[in-house]
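Participant:
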Amino acid sequence: MRILIVAGLVLSCSLCFAEDSPRNTAVIKSLAVEQAARRITFEGAAAAKEPTTLMCLPGKIVFSETFDLGTVSDRWAFKGDFILRDGNLRRTDLYPTENRRVRIQDASFYNTIIQFDFKFSDRTTDIRLVTGSGGHYNSVTQIRQNYFQVNTPSDRDAGFVPSHLGECASLSQKDIWQTMTVEYWNDEVVAHTSADTFVYGSHPIVNRTREYLAFQFDLPGASIDNVFIWQAIGQKENWESVRNQLTATQERRPLVPRSREERIKYNLINVKSDLTRFDKTYQELVALHESLTSSLHTTYPSAFQTHKQLSKQIAYVKKKTRETDKTFKEMEIAVNRARKAEDEYVVSLYPDLQALRSDGIPQHRFLSEQAQCRKQLENNSDTQLGAFVAETKRLQKAIEHSYPEAFKSIDEAIEKRKAVRQSLNDDPTFQALNKQVVEAGKAVKEYEQRALAHLHVE
Numbered sequence: 003m004r005i006l007i008v009a010g011l012v013l014s015c016s017l018c019f020a021e022d023s024p025r026n027t028a029v030i031k032s033l034a035v036e037q038a039a040r041r042i043t044f045e046g047a048a049a050a051k052e053p054t055t056l057m058c059l060p061g062k063i064v065f066s067e068t069f070d071l072g073t074v075s076d077r078w079a080f081k082g083d084f085i086l087r088d089g090n091l092r093r094t095d096l097y098p099t100e101n102r103r104v105r106i107q108d109a110s111f112y113n114t115i116i117q118f119d120f121k122f123s124d125r126t127t128d129i130r131l132v133t134g135s136g137g138h139y140n141s142v143t144q145i146r147q148n149y150f151q152v153n154t155p156s157d158r159d160a161g162f163v164p165s166h167l168g169e170c171a172s173l174s175q176k177d178i179w180q181t182m183t184v185e186y187w188n189d190e191v192v193a194h195t196s197a198d199t200f201v202y203g204s205h206p207i208v209n210r211t212r213e214y215l216a217f218q219f220d221l222p223g224a225s226i227d228n229v230f231i232w233q234a235i236g237q238k239e240n241w242e243s244v245r246n247q248l249t250a251t252q253e254r255r256p257l258v259p260r261s262r263e264e265r266i267k268y269n270l271i272n273v274k275s276d277l278t279r280f281d282k283t284y285q286e287l288v289a290l291h292e293s294l295t296s297s298l299h300t301t302y303p304s305a306f307q308t309h310k311q312l313s314k315q316i317a318y319v320k321k322k323t324r325e326t327d328k329t330f331k332e333m334e335i336a337v338n339r340a341r342k343a344e345d346e347y348v349v350s351l352y353p354d355l356q357a358l359r360s361d362g363i364p365q366h367r368f369l370s371e372q373a374q375c376r377k378q379l380e381n382n383s384d385t386q387l388g389a390f391v392a393e394t395k396r397l398q399k400a401i402e403h404s405y406p407e408a409f410k411s412i413d414e415a416i417e418k419r420k421a422v423r424q425s426l427n428d429d430p431t432f433q434a435l436n437k438q439v440v441e442a443g444k445a446v447k448e449y450e451q452r453a454l455a456h457l458h459v460e
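Using this note's numbering, the first residue of the sequence shown is number 3, and each one after it goes up by one.
(1) For Q151, which beta-bridge partners are listed by DSSP?
(2) From T249, F230 and N148, pick the residue whose C-alpha is nearest to that of V258; which is it?
(3) Tell me the DSSP bridge mates of A234?
(4) Which term fits P222, buried or exposed, when burial requires 16 or more other beta carbons within 10 angstroms of its beta carbon?
(5) Can you give the Cα-Cα distance for L173 and S123, rounded to whole angstroms?
(6) Pick from T308, Y97 and Y268: whose alpha carbon is nearest that of I416?
(7) At the level of alpha carbons, what is the spacing between H166 and T55?
(8) Quick check on P60: buried or exposed, where buried means 16 or more other Cβ atoms within 10 Å of its Cβ?
(9) Have a look at T43 and T73 and give me their C-alpha separation to the nearest angstrom.
(10) Kindly provide the ranges of any alpha helix (DSSP H) runs that are 4 or more residues long and lie completely inside the stretch 342–400, ordered along the chain.
(11) Fully enclosed by the stretch 182–265, which alpha helix (DSSP H) runs are 4 residues long or longer?
(12) Quick one: Cα of R452 to Cα of A289, how far?
(13) Report the rounded CA-to-CA distance for W179 versus E185, giving the unit in angstroms.
(14) Let's see if you can read the secondary structure: which residues bound the alpha helix (DSSP H) around V163?
(15) Measure the beta-carbon distance from R324 to K331 and round it to whole angstroms, keeping in mind my assumption that it falls under 8 Å.
(16) Leaving aside the five residues before and after K81 along the sequence, list all residues of the same chain whose C-beta is less than 8 Å from its C-beta, in chain order.
(17) Given E45, which residues of its chain have a CB within under 8 Å of its CB, disregarding the five upstream and five downstream residues?
(18) Can you tell me the Cα-Cα spacing of N427 and R260, whole angstroms?
(19) Which residues share a DSSP beta bridge with D157?
(20) In three-state DSSP terms, what is R103?
(21) Would you call the CB atoms of I231 and I63 closer than 8 Å?
(22) Which partner residues of L91 appear in the DSSP bridge assignment?
(23) Confirm, please, whether the CB-CB distance from E402 to V273 is below 8 Å.
(24) Can you tell me whether DSSP reads D76 as helix, strand or coil?
(25) Measure the C-alpha to C-alpha separation of Q175 and Q237 and round it to an integer number of angstroms.
(26) Reducing DSSP to helix, strand and coil, say where S174 ends up.
(27) Give the secondary structure of T300 by DSSP, where H, G and I count as helix, E and B as strand, and everything else as coil.
(28) On the criterion of 16 or more Cβ atoms from any shown chain inside 10 Å, does R396 qualify as buried, or is it exposed?
(29) Helix, strand or coil: which one does DSSP assign to S425?
(30) Thinking C170 and F219 are a contact (beta carbons under 8 Å), I'd like their distance in whole angstroms, please.
(31) From N188, R125 and V208, pick the residue whose C-alpha is nearest to that of A160; which is it?
(32) May I have the straight-line CA-CA distance separating N382 from R93, to the nearest angstrom?
(33) Under a three-way DSSP split, which group does S32 fall into?
(34) On the three-pair Cβ rule with 8 Å, is the stretch 337–351 touching the stretch 295–311?
(35) Apply the 10 Å Cβ neighbour rule to K121 and answer buried if 16 or more other Cβ atoms are within range, or exposed otherwise.
(36) Alpha carbon to alpha carbon, what distance is there between P164 and L294?
In structure tokens, the structure reads:
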């Protein structure tokens, strides 16, 4: 929570040492102090105000988070890539070049209103609210520093490919908080930061219960705060006229500035989506291409194994080895014990970490703070930690040397697949089938380009 500063929580902030303080930390907090901080936070925390909505009528609040240390929900799933600081949740500089997500566990939201504060800082250029269900994503609200947009992802089982529902120019200055509200009702969605800055769209894939909800950050630095989720109990009485007004405004307002190449790419995604859903000729071309591709892959499976299939094969070998080979299992246990020794060494230097293992404190707090402490030790080239890490590496190297098939890298598997594929260049049957696939794919692309040509690209 960024508005209210609770004095009692200063006592519980000694864990900020990993980022902000010297290695010698305060004495371990007593459970009584922790409980007192929790009571102060709960009683002083500001209640969520009713959201300002464009489409939905808010009902009861079903999730509320202000990221105060004493009341933070245990439903958040994150480790060292996020940290609680200054009453909000910040993306840390661990895994500095990777997209990282923090999600709400046990999500189940259908018609709903999601509101959150966000702040760009440091290197972050892209923040996303991602929802999904049934193993598929169903909406992505993507925020950049000069615009935001709402996308729908692919669900081949349901016959959907990605689409952009809309975009809106919107300046998000660094280190300035803004509020995003995203409203869902059946197949409609509205995302807005004000009455004038919004994206409206509709798509069948949106009309699903959101059993997955996460925030994604491309790079370190940004923060979120005040995450509130309300049940939507209906649409506003004047929604039909408001919808017409929003749609008209969205169609006539200036496009988000993009290069010509970026605009073509953006438009092509929507062209492919519309053709997939509504154009029978295109559907037949795609079906032919998919049928020929499937036939080729079935005839030559080892040449076209997917990354997922290769990973599963490697995992299966390791699983079977673990089940049938006692020595392997013992060596694996030794590696895990060595890793645990690394963790316990870190805890031994920062006693406050042990307090975060107490009952009633969400596990993510310990995992997050421990990772920050470890990072500081690594930055300081701590010799004892280095010795623990060296021992772990020695044990890991030994098991990999003894059981190379169980630890084959995905890169090795991909290279093997490439070699199989190249060996088929002199196979006339393969060449004939592959030519059919290429020609069918070319027909699909040409149809897409003809449809795209009807759009005016600025």
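For every residue, glycine included, the Cβ atom is placed at its ideal position computed from N, Cα and C. Owing to the predicted nature of the structure, the values given are computational and were not obtained by experimental measurement.
Facilitator: Once the coordinates are examined:
(1) In the sequence shown, counting from the first residue as 1, residue 151 sits at position 149. Beta-bridge pairing links Q151 to Q144 and E169.
(2) In the sequence shown, the residue the question calls residue 258 occupies position 256. When each option's Cα is compared against that of V258, the closest is N148.
(3) Within the sequence shown, residue 234 is the residue found at index 232, counting from 1. Its beta-bridge partners are P60.
(4) If you number the sequence shown from 1, residue 222 lands on position 220. So P222 counts as buried.
(5) Position 171 of the sequence shown, counted from the first residue, corresponds to residue 173. Position 121 of the sequence shown, counted from the first residue, corresponds to residue 123. Counting only the Cα atoms, S123 lies some 14 Å from L173.
(6) Position 414 of the sequence shown, counting from 1, holds the residue named residue 416. Ranking the options by Cα distance to I416, first place goes to T308.
(7) The residue labelled residue 166 in the question sits at position 164 within the sequence shown. The residue labelled residue 55 in the question sits at position 53 within the sequence shown. Spanning the two alpha carbons is a distance of roughly 22 Å.
(8) By 1-based counting over the sequence shown, the position of residue 60 is 58. Burial call: buried.
(9) As a first step, residue 43 is located in the sequence shown; it is residue number 41 there, counting from the start. As a first step, residue 73 is located in the sequence shown; it is residue number 71 there, counting from the start. Confidence at T43 is low in this model, with a pLDDT of 36, below 50, so its placement is unreliable and no value can be given for it.
(10) Listed in chain order, the complete alpha helix (DSSP H) runs (minimum 4 residues) inside the stretch 342–400 are 354–357 and 365–381.
(11) Here the runs fully enclosed are 241–254.
(12) In the sequence shown, the residue the question calls residue 452 occupies position 450. In the sequence shown, the residue the question calls residue 289 occupies position 287. Between R452 and A289, the C-alpha separation is close to 19 Å.
(13) Stepping through the sequence shown from its first residue, residue 179 is reached at position 177. Stepping through the sequence shown from its first residue, residue 185 is reached at position 183. One Cα belongs to W179, the other to E185, and the distance between them is close to 20 Å.
(14) Stepping through the sequence shown from its first residue, residue 163 is reached at position 161. Element bounds for V163: n/a, residue is neither H nor E.
(15) Looking up residue 324 in the sequence shown gives position 322. Looking up residue 331 in the sequence shown gives position 329. With 8 Å as the limit, R324 and K331 qualify as a contact, their Cβ atoms being about 6 Å apart.
(16) Residue numbering aside, residue 81 sits at position 79 when the sequence shown is read from its first letter. Answer for K81: H366, L369, S370 and A373, listed in chain order.
(17) Indexing the sequence shown from 1 puts residue 45 at position 43. Any answer about E45 is weak, because its pLDDT of 32 lies below 50 and its placement is not dependable; what the coordinates show is given next. Closer than 8 Å at Cβ, skipping near neighbours: no residue.
(18) Looking up residue 427 in the sequence shown gives position 425. Looking up residue 260 in the sequence shown gives position 258. When rounded, the distance between both Cα atoms is 41 Å.
(19) Here residue 157 refers to the residue found at position 155 of the sequence shown. DSSP lists F162 as partners of D157.
(20) Sequence index remark: in the sequence shown, residue 103 carries index 101 (1-based). Correct three-state label for R103: strand.
(21) Counting from one through the sequence shown, the residue named residue 231 turns up at place 229. Counting from one through the sequence shown, the residue named residue 63 turns up at place 61. Yes; because the gap between Cβ atoms is below 8 Å, this pair is in contact.
(22) The count along the sequence shown starts at 1 and reaches residue 91 at position 89. L91 pairs with L86 and I226.
(23) Taking the sequence shown and counting its residues from 1, the one referred to as residue 273 is at position 271. Taking the sequence shown and counting its residues from 1, the one referred to as residue 402 is at position 400. It is not a contact, given that the beta carbons lie outside the stated cut-off.
(24) Start at 1 with the first residue of the sequence shown, and residue 76 comes out as number 74. D76 falls in the coil class under three-state DSSP.
(25) On the sequence shown, residue 175 is found 173 positions in, with the first residue counted as 1. On the sequence shown, residue 237 is found 235 positions in, with the first residue counted as 1. Their Cα atoms are separated by approximately 32 Å.
(26) Looking up residue 174 in the sequence shown gives position 172. DSSP places S174 in coil when its eight states are reduced to three.
(27) Working through the sequence shown from its first residue, we reach residue 300 at position 298. Looking at T300 - three-state DSSP - the assignment turns out to be helix.
(28) Position 394 of the sequence shown, counting from 1, holds the residue named residue 396. By the 10 Å Cβ count, R396 comes out exposed.
(29) Position 423 of the sequence shown, counted from the start, is the residue given in the question as residue 425. Residue state, collapsed to three classes: helix.
(30) Against the sequence shown, residue 170 aligns to sequence position 168. Against the sequence shown, residue 219 aligns to sequence position 217. The pair is not a contact, with the Cβ atoms about 20 Å apart (cut-off 8 Å).
(31) Here residue 160 corresponds to residue number 158 of the sequence shown, with the count starting at 1. That would be V208, whose Cα lies nearest to the Cα of A160.
(32) Within the sequence shown, residue 382 is the residue found at index 380, counting from 1. Within the sequence shown, residue 93 is the residue found at index 91, counting from 1. Cα to Cα, N382 sits roughly 22 Å from R93.
(33) Counting from one through the sequence shown, the residue named residue 32 turns up at place 30. In this predicted model, S32 has a pLDDT of only 35, less than 50, meaning its place in the structure is not dependable; the value taken from the coordinates is given anyway. The answer is coil: DSSP assigns S32 none of H, G, I, E or B.
(34) no
(35) Residue 121 sits at position 119 when you count from the first residue of the sequence shown. Per the 10 Å Cβ criterion, buried.
(36) Position 292 of the sequence shown, counted from the start, is the residue given in the question as residue 294. Position 162 of the sequence shown, counted from the start, is the residue given in the question as residue 164. Whole-angstrom Cα-Cα distance: 23 Å.
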